[in-house]
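Below: one structure, written as structure tokens.
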């Protein structure tokens, strides 16, 4: 077999894993959309905020240090301690859950029974608020996130597969990508089991289907919203960790949310497995396209390929691959 | 319970107990429109109580008051001997009041089984942690409640559609699944909003049989709204009649049938 064949496989594998990273972001959208029909524009910023919080706690940063320094003329920066990664992650998760409570208390509660577009606008406002708030709290410089996951190419795999063909130097697969894939799979499996086989999961789906009926069987909408936003916060934290470890914690992290859009259009806004498969198709698709067609048309196809693919999908299957069938009874 | 609470036995041998619910001088307004004005009636334990009246009489509003979707401006609601504070609908569901809807409000994307399982929501108490872990208490609770749900499914004869997403079911079956979801809650009071609306004769007969069986077998107290007079007079123990938001009759089907106000409301009065 030729080296090209193996390189293609490498491209596919890398595409799959990039796709999983997209899926992680898309998952957050799906959770909230499923339960409340709201497209949460702030999901990307939530990932950024979660990652910033994690770094801040881990490195013992003083929150709002800059603000405090300006007002009181102090020179605070760090507490001078380092929090172990695991504990820092738990604290960051607690912060995201607290955030979910605040969102419910100060935003959603007041917008009950409003059109989805109103809630969408609210999430846009929320996104910009969080962006500024995050900068104010933790500073706007680019931060390095190290959660102890191995980074760089997997040497063992590369050495083991080198020389499989003439001119092939082994598979180059990033360790971090492999970890991200494994974690994403666990997360998704957990979420699927949770939503299908537990009381709260059923309640989440029930609220998504019919608010009034959900109330009539004793489900508190406000509680469900808090749970949903907490889960979205958890997913944002995981996505933030993975993307942050990969490319640093910085503003552009919030833009990966845009990459999640085509994933959602492919997978369907309401399907958790759909978010994963959609992400993989986009990931593999854009890498393969870049690898095969890219060189002929000047490259940089990764920037637009996903959107074009999503557009084509929209024409033929508007509910996405796994989206709930749109059943109209006449 | 008070002095009027003596129980009695019906002709067909069911025991009707004291008042489960008592509405006292309920008035409900939407802006300038009075949907319900100064209505009082009670529902006794174990009975089938019908609320009837022409369109716009305030029947559905009354059900929504009982179930907490609407909060009346005036009046008191007594449930099981206690005056009820203003509550959210989900809290009222937790108190043991289940209902169905006129326009079917099922979770369309979920299977029949899952829909009816949601009816058990208020009975399931394990916390999020155990649910996430799934083993232990959550699993035991799930299985226990599953048994009750399977019993309801057997009872309503809908085994064949257990796994079907309810959005795909025909109308009559959806109505039955909705009844199942309400039954699964093992309610102290079951509210049915036009359980037979839009059904054909056969489906109506099935539904009447289920309602009677539920009442007979589980002793469930039922309050229902229905347009089909034949059905109402057949299955209910007592009937309250509303017209333009006012109560114009209350009593056994026979009493109501012979009440002049009721006849006028239904047939119209000659104005001379």
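Chains as they are written, first to last, in my numbering: chain A, 9 to 338; chain B, -3 to 268.
Note that CB positions come from ideal geometry on N, CA and C, so glycine has one too.
Residue i versus residue j: straight-line alpha-carbon distance, rounded
i	j	result
residue 139 of chain A	residue 122 of chain A	25 Å
residue 154 of chain A	residue 72 of chain A	22 Å
residue 369 of chain A	residue 29 of chain A	As displayed, chain A neither begins before 9 nor continues past 338, which places residue 369 of chain A out of reach and without an answer.
residue 40 of chain A	residue 295 of chain A	29 Å
residue 326 of chain A	residue 33 of chain A	21 Å
residue 307 of chain A	residue 96 of chain A	40 Å
residue 8 of chain B	residue 119 of chain B	32 Å
residue 78 of chain A	residue 102 of chain A	28 Å
residue 236 of chain A	residue 247 of chain A	16 Å
residue 261 of chain B	residue 50 of chain B	7 Å
residue 57 of chain B	residue 20 of chain B	15 Å
residue 258 of chain B	residue 133 of chain A	56 Å
residue 212 of chain A	residue 138 of chain B	16 Å
residue -2 of chain B	residue 123 of chain B	A caution first: residue -2 of chain B carries a pLDDT of 42, below 50, which makes its placement in the model unreliable, though a value can still be read off. Near 39 Å, if we compare the C-alpha coordinates of residue 123 of chain B and residue -2 of chain B.
residue 76 of chain A	residue 84 of chain A	8 Å
residue 201 of chain B	residue 157 of chain B	20 Å
residue 229 of chain A	residue 154 of chain B	29 Å
residue 168 of chain A	residue 91 of chain A	37 Å
residue 189 of chain A	residue 251 of chain A	12 Å
residue 209 of chain B	residue 136 of chain A	58 Å
Interface residues of chain B facing residue i [CB-CB closer than 7 Å]
i	result
residue 143 of chain A	Near residue 143 of chain A there are no residues of chain B at all, since even the closest Cβ is about 32 Å away, more than 7 Å.
residue 207 of chain A	117, 120 and 127
Chain-ordered chain A contacts of residue i [CB-CB under 9 Å]
i	result
residue 85 of chain B	220, 223, 224 and 226
residue 110 of chain B	204, 210, 213 and 214
residue 69 of chain B	Ordered by position in chain A, no residue passes the 9 Å Cβ test against residue 69 of chain B, which lies about 20 Å from the chain.
Chain-ordered chain B contacts of residue i [CB-CB under 8 Å]
i	result
residue 217 of chain A	102, 103, 104, 105 and 106
Closest residue to residue i among the options (Cα-Cα distance)
i	options	result
residue 35 of chain B	B:15, B:72 and B:6	B:72
residue 217 of chain A	B:47, B:70, B:189 and B:106	B:106
residue 25 of chain A	A:297, A:305, A:142 and A:285	A:285
residue 124 of chain A	A:310, A:35 and A:47	A:47
residue 182 of chain B	B:12, B:152, B:242 and B:116	B:116
residue 239 of chain A	A:60, A:224, A:126 and A:37	A:37
residue 63 of chain A	A:149, A:130, A:328 and A:314	A:149
residue 99 of chain B	B:194, B:248, B:245 and B:241	B:194
residue 191 of chain A	A:12, A:176 and A:242	A:242
residue 157 of chain A	A:254, A:213 and A:305	A:254
residue 107 of chain A	A:142, A:13 and A:274	A:142
residue 258 of chain A	A:234, A:171, A:152 and A:159	A:152
residue 247 of chain B	B:40, B:33 and B:31	B:40
residue 298 of chain A	A:310, A:201 and A:109	A:310
residue 68 of chain A	A:145, A:51 and A:105	A:145
residue 272 of chain B	B:184, B:215 and B:230	Coverage of chain B is limited to positions -3 through 268, which leaves residue 272 of chain B absent and any answer about it impossible.
Secondary structure of residue i, DSSP reduced to three states
i	result
residue 69 of chain A	strand
residue 221 of chain B	strand
residue 273 of chain B	Since the first residue of chain B shown is -3 and the last is 268, residue 273 of chain B is not available in this structure.
residue 244 of chain B	strand
residue 239 of chain B	strand
residue 133 of chain A	helix
residue 86 of chain A	strand
residue 115 of chain A	coil
residue 188 of chain B	strand
residue 71 of chain B	strand
residue 15 of chain A	helix
residue 197 of chain B	helix
residue 4 of chain B	strand
residue 253 of chain B	helix
residue 205 of chain B	helix
residue 24 of chain A	helix
residue 261 of chain B	helix
Proximal chain A residues relative to residue i, where beta-carbon distance stays under 8 Å
i	result
residue 248 of chain B	Ordered by position in chain A, no residue passes the 8 Å Cβ test against residue 248 of chain B, which lies about 30 Å from the chain.
residue 97 of chain B	220, 221 and 224
Contacts that residue i makes with chain B (C-beta to C-beta distance below 9 Å)
i	result
residue 211 of chain A	114 and 117
Neighbour list for residue i in chain A, Cβ cutoff strictly below 7 Å
i	result
residue 193 of chain B	By Cβ distance, chain A contributes nothing, its closest Cβ being about 16 Å from residue 193 of chain B, past 7 Å.
residue 177 of chain B	225
residue 90 of chain B	226
residue 134 of chain B	206
residue 181 of chain B	225
residue 63 of chain B	224
Residue i beta carbon near the ligand SAH (any heavy atom closer than 7 Å)
i	result
residue 159 of chain A	In the structure shown, the ligand SAH is absent, as is every other ligand, since no ligand is present at all.
Every unbroken alpha helix (DSSP H) inside the segment 93 to 129 of chain B [4 residues or more]: Listed in chain order, they are 108 to 114 and 124 to 129.
Continuous beta strand (DSSP E) assignments of at least 3 residues falling wholly in the segment 247 to 307 of chain A: Segments of the beta strand (DSSP E) lying fully in the segment 247 to 307 of chain A: there are none.
Residue ranges of each alpha helix (DSSP H) within the segment 9 to 68 of chain B, 4 or longer: Counting only runs of at least 4 residues, the segment 9 to 68 of chain B fully encloses the following alpha helix (DSSP H) elements, listed from N- to C-terminal order: 55 to 63.
Contained alpha helix (DSSP H) runs [length at least 4] in the segment 198 to 253 of chain A, N- to C-terminal order: If we require 4 residues or more, the alpha helix (DSSP H) runs fully inside the segment 198 to 253 of chain A come out as 207 to 217 and 219 to 224.
Inside the segment 142 to 193 of chain A only - alpha helix (DSSP H) runs reaching at least 4 residues: Segments of the alpha helix (DSSP H) lying fully in the segment 142 to 193 of chain A: 163 to 169.
Sequence ranges, alpha helix (DSSP H) only - wholly within the segment 126 to 182 of chain B, length at least 4: Taking only runs of at least 4 residues, the alpha helix (DSSP H) segments lying wholly in the segment 126 to 182 of chain B are 133 to 151 and 167 to 180.
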